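My numbering applies: residue 583 is where the sequence shown begins, and numbers increase by one.
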Amino acid sequence: MPDTYPQPNEIVITRTEVLRSPALYQDELEVVEYEGCRGRRFSGTHIKDMFIPLFYKAAKYMPYPLAMTPIYMLIGLARLLYPFKQNSLRQTCEYVTQIAAGRGIKHDPRKLYNQFLSNVRTIFGLYMRLYRKGAGAVQQRVIIRAEDAAMVERLRNEHGGVLFNIPHNVGSAFSGMKLNMTWPTLLVARNPSTIARSKVALEFFSAMQVRILMVRGGSPVELSRAMFSALKEKYVIATTLDNMDHTERGVQASIFGLTRGFNPWAAKVAVKRQVPLLPVYFRSVGKEIHAVFGEPLITFSVEEAVQHYVSFFEKNIIEDPASWAYLGDRRWRKVLREASEQVDR
583 MPDTYPQPNE IVITRTEVLR SPALYQDELE VVEYEGCRGR RFSGTHIKDM
633 FIPLFYKAAK YMPYPLAMTP IYMLIGLARL LYPFKQNSLR QTCEYVTQIA
683 AGRGIKHDPR KLYNQFLSNV RTIFGLYMRL YRKGAGAVQQ RVIIRAEDAA
733 MVERLRNEHG GVLFNIPHNV GSAFSGMKLN MTWPTLLVAR NPSTIARSKV
783 ALEFFSAMQV RILMVRGGSP VELSRAMFSA LKEKYVIATT LDNMDHTERG
833 VQASIFGLTR GFNPWAAKVA VKRQVPLLPV YFRSVGKEIH AVFGEPLITF
883 SVEEAVQHYV SFFEKNIIED PASWAYLGDR RWRKVLREAS EQVDR
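This is the structure in structure tokens:
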């Protein structure tokens, strides 16, 4: 599905290309690219469409210090922009600071802002080293405690698979490499909205030596079948589930004192197969990424399943907002603003 739906009388140019990669669980992926929709010129998606292919070329062809120079410059510029009250990332940091204060947790919005930028800079550096030196050179940067690894292995053996529930952390996709080194892991995610970015993503997933099921615009039936097949093989399936769903399909769950809809597709798979849902939050700590595991849940209720991992997301976002990539997302900024206004009442 496109990020922005075409409006009446708009001209939409569509390109289609079939991509093949050893990283793909289903061997090939048809990417449909939509262009010409209003509102995308200065959107975050449009900026990523331009920047990420350039970063990939730099990682491939330029010396490390030179390739990282644009990242350092952009991060430095972002730090200089903090004093501006219209700075959307600053506003989000202030909102989440207010929400956390209402729960008895103190954050400094400026420190939070700078930590988020440092986390982004670190993950770009890790991707650069990954592509140049291979997974073995950076896998030690992702930390999974021995007791958590033992718990997941026990759940796999007892229930024939586990379904990880993960928010969009700064280091979550990168951590898929360590997950797969610990257990056979299948990542499930929407592929990028353009052919160029999809090719870059597959290059990096290949470097991480992980399998991925890309689902943008795919058939829900085929997606479910693929996940059922992976669970039969005792895969750990890792899914990012903090995207809101405002359609009638969405399951309502409480987060930050508000009620929002979330897509229940992963919860439905877990309920159907009766496998554990296990929330995971990847915390950026200096140059390392630490996996924080919640409690496993097996349930017959889709609503209970969704609320289980959404509550885990909420707790960890409030404790460590700088590790959450959606701190820079405009949709979540609106939610955090509304939630912070309720704290002030």
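From the three backbone atoms N, C-alpha and C, an ideal C-beta is built for every residue, glycine too.
Computed from a predicted structure; not experimentally measured.
Per DSSP, Q673 is one residue of the alpha helix (DSSP H) stretching across S670 to G684. If one requires a minimum length of 4 residues, the alpha helix (DSSP H) runs lying completely within the region 787-849 are 802-814, in chain order. If you draw a 10 Å sphere on the C-beta of P903, you find 16 or more other C-beta atoms in it, and that means buried.
Assignment of beta strand (DSSP E) within the region 859-916, counting only whole runs of 3 or more residues, yields 859-867 and 870-875 in chain order. Judged by beta-carbon spacing, E615 lies within the 8 Å limit of T776, meaning their Cβ atoms are closer than that value. With contacts defined as CB atoms closer than 8 Å, V752 and S866 qualify as a contacting pair. Here the alpha carbons of S757 and I725 stand approximately 9 Å from one another.
In the DSSP assignment, T767 falls within the unbroken beta strand (DSSP E) covering T767 to A771. Using a C-beta cut-off of 8 Å, the region 880-889 makes no contact with the region 898-913, since fewer than three inter-stretch Cβ pairs fall below that distance.
Taking the C-beta atoms as reference points, M826 is found no nearer than 8 Å to Q791. By the Cβ test, the region 709-718 is not in contact with the region 819-836, since fewer than three Cβ pairs between them sit closer than 8 Å. According to the DSSP assignment, V734 belongs to the alpha helix (DSSP H) that extends over A728 to H741. Membership of F746 in the beta strand (DSSP E) is indicated by the continuous run V744 to I748.
Boundaries of the alpha helix (DSSP H) harbouring G758: S754 to T764, taken from the DSSP string.
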